[in-house]
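**Student:**
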Amino acid sequence: MRVNVRFQILFSLSLLAGLWSAAHAQEYNVVSPDGSLRIHLNVAADIRYDVAKNGTPVITPSPIGFTLSTGLVVGSNATVKSTATASVDEPIERPYGKNDNLRDHYNQLRIDFEEHYSLVVRAYDEGVAYRFETALGGSVDVMSEEANFNFAGTTQVIFPEADTEMRSWERSYNTYASISAINAQRFSITPAMFSYTASGMRVVVAESDLLDYPGMYLQPSGATSVKGKWAYYPKEVSFPDNIYEYHRVTKREAFLARTSGTRQYPWRVAIVTTDDRTLLTNELIYKLATPSVLTNTDWIKPGRSAWEWWHDAILETTQIPSGTKNLNLALYKFYVDFAAQNKLEYVTLDAGWSTSYIRELVQYAASKNVKIFVWDFINLPVESPGRIAELKSYGVAGIKVDLIERDDQVAINWFEQLASACAQQQLMIIFHGCAKPTGLQRKYPNIVNFEAVRGAECTKWDDTPNPDYHLQFPFIRMLAGPLDYTPGSMRNVRRSEFQPIGVGVPNTIGTRTHEVAMYVMFDQPLAYLCDAPTEYRKYADILYFLSKVPTVWEQTLPLSAEVGKYAVIARQHAGEWYVGAMTNYEARDVEVDFSFLPAGVDRVADVYRDTPTSETNAKSYQHEIITITNQSKLTFHLASGGGLALRIRDVNEVTSIGKSEEGTKVSIYQNTDRTRLTIRSKAPVHEVSITDLSGKVVQHEIVAALQETHEIDTARLGAGIYVVYVSTNERVYSSKIIR
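Residues -25 to -1, 1 to 714 in mature numbering (1 follows the signal peptide of the UniProt record, and there is no 0) are what the sequence shown lists, from first letter to last.
1) Determine the contact status of isoleucine 687 and arginine 651, defining contact as a CB-CB distance below 9 Å.
2) So within the segment 365 to 438, which uninterrupted beta strand (DSSP E) runs reach at least 3 residues, ignoring any that extend past its ends?
3) Secondary structure at leucine 454, three-state DSSP: helix, strand or coil?
4) Does the pairing of the segment 236 to 254 with the segment 186 to 196 give three or more beta-carbon distances under 8 Å?
5) Are threonine 237 and threonine 109 close, meaning C-beta to C-beta below 9 Å?
6) Per DSSP, what are the beta-bridge partners of proline 32 in this structure?
7) From phenylalanine 134 to isoleucine 86, what distance separates their C-alpha atoms?
8) Measure the C-alpha to C-alpha separation of tyrosine 321 and histidine 15 and round it to an integer number of angstroms.
9) Quick check: what's the CA-CA separation for lysine 226 versus aspartate 568?
10) Counting only runs of 3+ residues fully inside the segment 472 to 509, write out the beta strand (DSSP E) ranges in chain order.
11) On the criterion of 16 or more Cβ atoms from any shown chain inside 10 Å, does threonine 630 qualify as buried, or is it exposed?
12) Quick one: Cα of serine 329 to Cα of asparagine 303, how far?
13) So, is the C-beta of alanine 398 closer than 9 Å to a C-beta in chain B?
14) For glycine 539, which residues in the same chain have their Cβ closer than 6 Å to its Cβ, ignoring the five residues on either side in sequence?
15) Among Asn354, Thr129, Glu140, Gln160, whose alpha-carbon lies nearest the alpha-carbon of tyrosine 151?
16) Does alanine 580 come out as helix, strand or coil in the three-state DSSP assignment?
17) Pick helix, strand or coil for serine 297, following the three-state DSSP scheme.
18) Using alpha carbons as the reference points, say which of Arg714, Asn344, Thr35, Pro70 lies closest to serine 200.
19) Apply the 10 Å Cβ neighbour rule to glutamine 384 and answer buried if 16 or more other Cβ atoms are within range, or exposed otherwise.
20) Which stretch, first to last residue, makes up the beta strand (DSSP E) that contains valine 311?
21) Using only alpha-carbon positions, find the residue among Val491, Ser709, Tyr208, Lys28 that is nearest to aspartate 116.
22) Round the Cβ separation of lysine 494 and valine 524 to the nearest angstrom and send it over; I've been treating them as touching at under 8 Å.
23) Tell me whether arginine 334 is buried or exposed, calling it buried when 16 or more other Cβ atoms sit within 10 Å of its Cβ.
24) Quick check: the Cα distance between tyrosine 71 and lysine 210, rounded to an integer number of angstroms?
25) Taking the DSSP output, what are the residues bridged to proline 440?
26) Who are the near neighbours of glutamate 283 in its chain, counting only those whose CB is closer than 7 Å to its CB and skipping five residues on each side?
27) Looking at the unbroken beta strand (DSSP E) that takes in arginine 546, where does it start and where does it end?
28) With C-beta atoms as the reference, is leucine 259 less than 9 Å away from serine 183?
29) What span of residues does the alpha helix (DSSP H) with proline 356 cover, start to end?
30) Who does arginine 243 pair with in a DSSP beta bridge?
31) If you drop the 5 nearest sequence neighbours on each side, which residues of the same chain put their C-beta closer than 8 Å to that of serine 635?
32) Along the chain, where does the alpha helix (DSSP H) that runs through phenylalanine 338 open and close?
33) From the DSSP output, read off the bridge partner residues of arginine 146.
34) Let me know if serine 213 comes out buried or exposed under the rule of 16 or more other beta-carbons within 10 Å of its beta-carbon.
35) Using a Cβ distance threshold of 8 Å, determine whether the segment 403 to 413 contacts the segment 474 to 491, with at least three qualifying pairs required.
36) Can you check which of these residues, Ala340, Pro457, Thr461, is closest to cysteine 505 by C-alpha distance?
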């Protein structure tokens, strides 16, 4: 930690000015490293904070504190004992994420009070946060908390309204012109967004490092104000009579939490920006969370997973009986074979799998370099101390824990208990049917996904997972942490055609490339392919893209974006770049500036884009291959509910046809009547694409056996000039041919 002397001097001057202006109040300012954000504290009869961005008020004085069962009101009539400041700029080490280069850069003020508690305030360039700490000893009950957010005028609100029982975080968004337009009895989950429409300033209110304490909701408290709301501690719970029922809270205590008197409380967070793009890479909630407690993370391997639940295990094949009544060893071997053939790292077995075959399946999968995740009902690992060890004994790589559906203190503790227990067994974990993340995945990086999003599963019941929603939650929910959205539908329909299908194979709203772009746009370390293997095999080029797209990244660059409307993002991993673009229900053109690419290098891009008929046929898409450089700027049209996905790689041109020059790694031969190509490579060939001169892919083959010699029948091609692209595990090679 490096202490900045200049910051200390500025802080001292601010303190003196505050003392001079208000004899009975002590005032403090903490400014972000770039100087744009300021959080101001006033300590008097109560503690209030306010926030300004570039001198413009964002949050006006708002009281904070909480009341304990001992009678102590934290934040009331407090006596300052001492203060300490710090300026920190240091890297955050983590095993995976969306940016390798993540820095913890902030200015901090800590105020210690005579009453044995402290207030810690931080200012980052991307937001501000505060938390209380107590040093009281023993055990205390937190009776209530006061966390207020008084805005400096009317704000538009994107409000993920909570259910009254506080049991669901898969919430769609309601948009209100002002806080005053929201029913005062309604409340939302967090994060939630508040926007000053005239200035374009966004404020996302959230929390971080939620441990041993209930989760925060937000409720209107005035024309321009919201306040925190929490689930009270459970007093009585129901006992489920089937595997899909959880312990519902039927009666609550009069306190929020029963906890240690010496502890840190959760961070209350306000993310502030005037540039919507920055929200797509904002990781403030992660930065504020407790660092990893795991000393070895080599066994944590994000990746892609085949999965049977969304399509009810229905396969278009006579090879094997399918459907949910046939969840057996033979069926799951079919999924394992599909995963192995397409280099998917995992297969997930959802509800209905059996211990009768799990060990044999795991062994079969291991022989094909595939690992297994299994679904588990929350009550089983919570109530059975040996459950996690039992699952590990089957040989699985991870578990998907479902139907938690609470965020009171007891339930919040389950998250850490399960993450810790899984880490001890070297198991990854997905939380499904769960509260929103608040950074626990930093402390336990074996947590790969959280649901808390209205994902593809909800298309079985309604139309809320739609293009409008897809362009809201990446700017709001995704700030909290990774998703378990489960994209990959090939059953794409227009808005007017959509019908919920509860049993059977659902459909999804949006174009085919809108769906493919989700793999670039959404943060999902374990990325699902939700549709059937037999469906993906109809679209070999898309299946190949899905078999290659990474799930974690070295760099993430938002290129252009507007909340609720569209987003364009570029991500890099292992020398390859991917670009994803998505739009809401409004068709639009988007420009992609490729200046993020290294200079002086030609690259080949596989482009998956909407077509002129995508407006009426959502399944319609075009796959083309183009050459680009870092000087390229291209405009793409996105249909209503449309999208765009690119995979960008190095390319070497093969200049010799029919002979192999020394040092050439790939040679392409045509027979005398030009109806067959022979490809010879010193490295195994993965894929061959043939395009016309416009870049449109006219023939595409995946080479499953990774042969070094491969033949292609080109007799179906019309007369003309074509470009052949040969993909190896090293790079892409291209050459022109004449048919």
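Note that CB positions come from ideal geometry on N, CA and C, so glycine has one too.
**Tutor:** If we stick to the structure as given:
1) Judged by beta-carbon spacing, arginine 651 lies within the 9 Å limit of isoleucine 687, meaning their Cβ atoms are closer than that value.
2) List check, beta strand (DSSP E) in window: 373 to 377, 403 to 406, 422 to 425.
3) In the structure shown, leucine 454 adopts helical secondary structure according to DSSP, grouped into three states.
4) Output reads yes: the segment 186 to 196 touches the segment 236 to 254.
5) Closer than 9 Å, so yes.
6) The beta-bridge partner set that DSSP reports for proline 32 consists of Ala27.
7) Each residue's Cα considered, the two are about 33 Å apart.
8) Rounded to whole angstroms, the separation of the alpha carbons of histidine 15 and tyrosine 321 is 49 Å.
9) Pairing lysine 226 with aspartate 568, the inter-Cα distance amounts to about 56 Å.
10) You should have 501 to 504.
11) Caution applies to threonine 630, whose pLDDT of 47 falls short of 50 and renders its modelled position unreliable; the value that the coordinates give is listed next. Exposed is the call here.
12) Rounded to whole angstroms, the gap between the alpha carbons of serine 329 and asparagine 303 is 8 Å.
13) Of the protein chains in the structure, only one exists, and it is not chain B.
14) Cβ neighbours of glycine 539 beyond the five flanking positions: Leu446, Gln447.
15) Considering only alpha carbons, the answer is Thr129.
16) When DSSP states are grouped into helix, strand and coil, alanine 580 belongs to the strand group.
17) Coil.
18) Among Arg714, Asn344, Thr35, Pro70, the Cα nearest to that of serine 200 belongs to Thr35.
19) Result: buried.
20) First-last for valine 311: 304 to 316, but that is the alpha helix (DSSP H), not the beta strand (DSSP E).
21) Among Val491, Ser709, Tyr208, Lys28, the Cα nearest to that of aspartate 116 is on Tyr208.
22) Before going further, note that residue 494 is tyrosine rather than lysine in the sequence given. With 8 Å as the limit, tyrosine 494 and valine 524 qualify as a contact, their Cβ atoms being about 5 Å apart.
23) Exposed, by the Cβ-count rule.
24) Within the model, the alpha-carbon separation for tyrosine 71 versus lysine 210 is close to 39 Å.
25) None; proline 440 has no bridge partner.
26) Counting only residues of its own chain and dropping the five nearest sequence neighbours on each side, glutamate 283 has a CB closer than 7 Å to the CB of Tyr310, Asp325.
27) Note, arginine 546: beta strand (DSSP E), 541 to 548.
28) Yes.
29) For proline 356, the uninterrupted alpha helix (DSSP H) segment begins and ends at 354 to 358.
30) Checking the DSSP bridge columns, you'll see arginine 243 partnered with Tyr105, Glu182.
31) Any reading at serine 635 must be qualified, since the residue scores a pLDDT of 35, below 50, and its modelled position is unreliable; the value itself is stated next. Around serine 635: Ser642, Arg655.
32) One detail in the question is off: residue 338 reads as glutamine in this sequence, not phenylalanine. Judged by DSSP secondary structure, glutamine 338 falls within the alpha helix (DSSP H) whose first and last residues are 333 to 342.
33) According to DSSP, which records beta bridges pairwise, arginine 146 is partnered with nothing at all.
34) Serine 213 should be labelled exposed.
35) They do not touch, by the three-pair rule.
36) The residue with the shortest Cα to Cα distance from cysteine 505 is Thr461.
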